[in-house]
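Engineer: So the protein sequences, as listed, match chains A and B.
Counting the first sequence from 1 gives a position; this note's numbering is that position plus 29.
Counting the second sequence from 1 gives a position; this note's numbering is that position plus 29.
Here it is, the structure, as structure tokens.
Protein chains: 2
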Amino acid sequence: MPLDKSLQSGSTAMLLLKLLSEQDMYGYQMTETLARRSDRTFLLKAGTLYPLLHQLETQGLVVSYEQAAEGARVRKYYHITKDGQRALTDKQQEWNRFTHAVNHVLEGGECYAKA
Amino acid sequence: MPLDKSLQSGSTAMLLLKLLSEQDMYGYQMTETLARRSDRTFLLKAGTLYPLLHQLETQGLVVSYEQAAEGARVRKYYHITKDGQRALTDKQQEWNRFTHAVNHVLEGGECYAKA
DNA sequence: ATATTATATATCGATTATCTATATATGTCA
DNA sequence: TGACATATATAGATAATCGATATATAATAT
Numbered sequence: 030m031p032l033d034k035s036l037q038s039g040s041t042a043m044l045l046l047k048l049l050s051e052q053d054m055y056g057y058q059m060t061e062t063l064a065r066r067s068d069r070t071f072l073l074k075a076g077t078l079y080p081l082l083h084q085l086e087t088q089g090l091v092v093s094y095e096q097a098a099e100g101a102r103v104r105k106y107y108h109i110t111k112d113g114q115r116a117l118t119d120k121q122q123e124w125n126r127f128t129h130a131v132n133h134v135l136e137g138g139e140c141y142a143k144a
Numbered sequence: 030m031p032l033d034k035s036l037q038s039g040s041t042a043m044l045l046l047k048l049l050s051e052q053d054m055y056g057y058q059m060t061e062t063l064a065r066r067s068d069r070t071f072l073l074k075a076g077t078l079y080p081l082l083h084q085l086e087t088q089g090l091v092v093s094y095e096q097a098a099e100g101a102r103v104r105k106y107y108h109i110t111k112d113g114q115r116a117l118t119d120k121q122q123e124w125n126r127f128t129h130a131v132n133h134v135l136e137g138g139e140c141y142a143k144a
């Protein structure tokens, strides 16, 4: 089975779904959490984040609701759906397959099958 | 330091350079070797491979030469340069940084620094 | 002999992911 | 009042990859 082509540039969706699998979050909060948890490796820009969240919502992987906060403007929270949980599991499996494949090539190891 | 943006979709160049760091190869051979070594995870298409090789050559990371073979058409071999070796080392470091960051997020671990 | 398959390189156009830049609005602090 | 962090959003540009197509040669099957 071939790897999903969008995986290589597409790990961001998986990371967002992972965060939402732990708790509901609003967009800005996801950016900050991702930056912290990745030791500043993932510095997601607003121009990447929001279109991606809208796309996930269109696909039915997340749903959103607005909630007022004290001393802050209204925030748009996202909640992961059953489909989203399933998608997260799939993406994590593909991620493992992908990294193992890359590492196998980088280690210069033997081939899985001869030519 | 932010991660190279091209890394996520850009691990292919690293893998090709890795193969060439072991021995000179021609394009088709790289596709086959990559497929075998990755357990059929990386099934690189010609439309991806050749433009990428031309790009690496333009960047001075590889050089090419044609060589005739018995019972086969002329093949175009690629050889990695000093700059290519350096680029490979850099890309491998970024790869490690990237995977560690993703795995840290996926493990739901603690943050590197508090908000 | 002829058709098919594998080898081998190449280009074009489409798709997709991400970024930069820009826009808007609110709350805090100096 | 002005600067800055928070918060969401869209438009346009760039880059990586793929699908489709094209060409040519060698080996194999019918």
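No residue lacks a Cβ here, since even glycine has one placed at the ideal position from N, Cα and C.
Bear in mind that the values here come from a model prediction, so they are computed numbers and not experimental data.
With leucine 85 of chain B and leucine 73 of chain B assumed to form a contact (beta carbons below 8 Å), what rounded beta-carbon distance in angstroms separates them?
Structural biologist: Rounded, the Cβ-Cβ distance is 14 Å, inconsistent with contact.
Engineer: Go to arginine 147 of chain A, then tell me how far its alpha helix (DSSP H) extends in each direction, as first and last residue.
Structural biologist: What is shown of chain A runs 30 to 144, which leaves residue 147 of chain A out entirely.
Engineer: Can you name the residues of chain A whose CB is closer than 7 Å to the CB of serine 93 of chain B?
Structural biologist: Here the premise fails: no neighbours, minimum Cβ distance about 21 Å.
Engineer: Taking the beta carbon of glycine 89 of chain A as the centre, do at least 16 other beta carbons fall within 10 Å, making it buried, or is it exposed?
Structural biologist: Classification for glycine 89 of chain A: exposed.
Engineer: Which residue or residues does DSSP assign as beta-bridge partners of tyrosine 55 of chain A?
Structural biologist: Beta-bridge pairing links tyrosine 55 of chain A to A:Tyr106.
Engineer: Check the Cβ of histidine 133 of chain B against every Cβ in chain A and list those closer than 8 Å, keeping chain order.
Structural biologist: Going along chain A in sequence order, the residues near histidine 133 of chain B (Cβ under 8 Å) are Arg66, Ser67 and Asp68.
Engineer: Would you kindly report the start and end of the unbroken alpha helix (DSSP H) that includes glutamate 86 of chain B?
Structural biologist: Here the alpha helix (DSSP H) through glutamate 86 of chain B covers 75-87.
Engineer: Pull up the distance between the alpha-carbon of valine 134 of chain B and that of alanine 97 of chain B, whole angstroms please.
Structural biologist: Those two C-alpha atoms are separated by around 50 Å.
Engineer: Closest Cβ-Cβ distance between serine 40 of chain A and chain B: below 8 Å?
Structural biologist: Serine 40 of chain A counts as touching chain B.
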